[in-house]
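Engineer:
In this note's numbering, the protein residues as written are 371 to 1091.
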């Protein structure tokens, strides 16, 4: 019987542990009829352990050979080692019996079954825990009972599970969980090494790695947060992603790399640098410590930055890009905003005239040509550049850079607002879904920037989308200011000749319109001055000083590297990833300070700008109708009816503008009360912003003090009475 017990524990089938008959009556000739109740109870305990051993062995073998995750395969291999120890324990017990060890063999060479069972008491709990672990990794069986190798638990989930189980308090489980954690995290490091050292995804099990290639684009990657272990900090994962992306781009830019190595005295030895980085990873103790892992990744990042990136992406390129973004996307170059607005208005007027002629000739074709074309947008931007070049007599490298890289195009229907769910850090702003990009042209348009390698290491496509949203927002506010100002430039609107008999009547009818237009002009002018002259200017000046002039205390931080210039002097310069993280924080803080993240405010402002356009359109139509009536001598019922209709529509538009003006100011006051204390500025985590602290200034109260809208509202109310 002892022989059968040991064979069963080793994983072999044995009649000793076969289930009795279902009716509970055993066959008189079976082995179970020969067992006493105490022996049957002892054998049941051994039978459960033997059965669990067989199940665990089979599932561990399947996981080891077919699981999609290399981490799960490694853990299954570790479980096999535990099963090998269990097998060795069986051999040790057998050896004790054969050598008649006194611990298991009693007098008269009797081997008590209870002593054999006691030898395996420590394995029951461990086997059950190993079974739970292997079941966690096992994919769910289909209806046919088969297992799909593409299904199953991810490696990060197994790592997190083992780390939690290592602190349960049971010594056997804690020891086993710690050993398996070392195995799992070593497999994870081997997945990480190709990405960190060579910029390549793992050759096997890439679907289980937290960095994934974007389908259809070999150069684009994304981070899947669900595949990140819990011990991996977000900032560390961001550094890992940045390092691998940089190395991948270097591998795909052989020409630039050859120029770089030929033009500098420092030679980047690929194998030496890779060996040094690999040494940092291999020196990490297991289980991994978050602080030590962060320190190793930071060292690798700085090494890569000092040896390669700060020469492939020098500070001059970054400052030139920032100058372009500030001048043209954030309207720092005021002439650009005026030029593109006037070019767009001229383009729309020309389209309107051509459409009117075409409607009389071919109405169907005229309807087909109503939508704006990309060609017309390209011509508008080209005309803007030519106009700026004529006005700027000196050579402007910033203008040349913007002319080569900026584009104006129709907004792609698939394009989305920046969403924080798709980014690793929390810096991405939740921009309001209210669109401002359909006011400059009848179709939604977007100002874009083409940034190829290596500039895309500093700025991402999602950053450019945010800049485009800010640009559309600032541009339409400036456009409303320009169009309202043009009302006062129209001679017939400002002054009527005394010979006109209806001058006094028209003046009374338009007095309220002029008051509303004046109030609207005051609001949009002060808003534009606040947004551009205070928020944008203050934020950009603060960020540019931080980028270009690091202090001596900051340069001691690990985010800096010493770069030797051509003249031999040593220059302190932040590494590109730190600059990119700080830039993300800058964009997020700027969006918050510009009030572009507040949905009620942007909704009210969008309604105001749309109604201002309607007010201006009806006002111009009314003035044109009045001029025609004056030229015709005031005769004709059609002219009078048309003038009355336009006066009614103009009054309706005026009332809508009045209502929107009050709504905008009301929301500004609410924001002034809501954004107090820490909520006045966007809270930015220093660990995710590269140590950059955004500009703190330009509260909403400063805009409210300039508006003085309450006094104007009272005056308008008295006029209405």
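We treat Cβ as the ideally placed atom computed from N, Cα and C, and that holds for glycine.
All of these numbers come straight from a predicted model, not from anything done at the bench.
1) Quick one: Cα of residue 723 to Cα of residue 716, how far?
2) Specify the secondary structure class of residue 814 as computed by DSSP and reduced to three states.
3) Helix or strand or just coil, what does DSSP make of residue 1054?
4) Alpha carbon to alpha carbon, how far is residue 422 from residue 495? Give it in angstroms, no decimals.
5) Report all residues from its chain with a CB closer than 6 Å to the CB of residue 447; omit the five preceding and five following residues, and keep chain order.
6) If you drop the 5 nearest sequence neighbours on each side, which residues of the same chain put their C-beta closer than 6 Å to that of residue 969?
7) Give me the DSSP bridge partner(s) of residue 1107.
8) Pairing CB atoms from the region 466–479 with CB atoms from the region 555–569, are three or more of them under 8 Å?
9) Measure the CB-CB distance between residue 548 and residue 657 and report whether it falls below 8 Å.
10) Count the CB pairs spanning the region 657–677 and the region 603–619 that are closer than 8 Å, and state whether there are at least three.
11) CA-CA distance, residue 1044 and residue 1071?
12) Within the same chain, show all residues whose beta-carbon is closer than 7 Å to that of residue 530, passing over the 5 residues directly before and after it, in chain order.
13) My assumption, with CB atoms under 8 Å, is that residue 527 sits in contact with residue 551. Please give the rounded CB distance.
14) Quick check: what's the CA-CA separation for residue 843 versus residue 813?
15) In whole angstroms, what is the alpha-carbon distance linking residue 838 and residue 751?
16) Identify every residue that forms a DSSP beta bridge with residue 952.
17) If residue 961 sits next to residue 1064, beta carbons under 8 Å apart, how far is it from one beta carbon to the other, in whole angstroms?
18) So, is residue 468 buried or exposed, given that buried needs 16 or more other C-beta atoms within 10 angstroms?
19) Is residue 879 closer than 8 Å to residue 1017 when the C-beta atoms are compared?
20) CA-CA distance, residue 462 and residue 605?
21) Per DSSP, what kind of secondary structure is residue 944 in: helix, strand or coil?
22) Between the region 675–682 and the region 899–916, are three or more C-beta pairs nearer than 8 Å?
23) Given a cut-off of 8 Å on the beta-carbon distance, is the pair residue 975 and residue 840 in contact?
24) Give me the Cα-Cα distance between residue 762 and residue 709, rounded to the nearest whole angstrom.
25) Applying the 10 Å Cβ sphere with the 16-neighbour rule, what's the burial state of residue 1046?
26) Would residue 442 be called buried (16 or more neighbouring beta carbons within 10 Å of its own) or exposed?
27) Measuring CB to CB, does residue 487 end up less than 8 Å from residue 412?
28) Based on Cα-Cα distance, which residue from 983, 830, 459 and 882 lies nearest to residue 894?
29) As a quick exercise: from 586, 578 and 603, pick the residue whose alpha carbon is nearest that of residue 594.
30) Opposite residue 591 in the DSSP bridges: which residues?
31) Grab the span of the alpha helix (DSSP H) containing residue 541 for me, first residue to last.
32) Starting from residue 617 and walking both ways along the alpha helix (DSSP H), at which residues does that stretch end?
33) Does residue 507 pass the burial test, meaning 16 or more other C-beta atoms within 10 Å, or should it be called exposed?
34) For residue 1039, which of 1023, 1060 and 1073 has the nearest alpha-carbon?
35) Applying the criterion that 16 or more other CB atoms from any shown protein chain within 10 Å of the CB defines a buried residue, is residue 382 buried or exposed?
36) Just to confirm my understanding: we take residue 817, look at its own chain, exclude 5 residues before and 5 after, and list those with CB closer than 7 Å. What are they?
Structural biologist: The answer reads as follows:
1) 11 Å
2) coil
3) coil
4) 11 Å
5) 434
6) 802
7) This structure does not reach residue 1107, given that the chain is present from 371 up to 1091, and the question cannot be answered.
8) no
9) yes
10) yes
11) 11 Å
12) 599 and 600
13) Not a contact, Cβ separation roughly 13 Å.
14) 15 Å
15) 15 Å
16) Per DSSP, none; premise fails for residue 952.
17) In fact, because the Cβ distance is near 11 Å, the residues do not count as touching under 8 Å.
18) exposed
19) yes
20) 50 Å
21) strand
22) no
23) no
24) 13 Å
25) exposed
26) buried
27) yes
28) 983
29) 578
30) 583
31) 541–563
32) 604–622
33) buried
34) 1073
35) exposed
36) 699, 776, 778, 838 and 841
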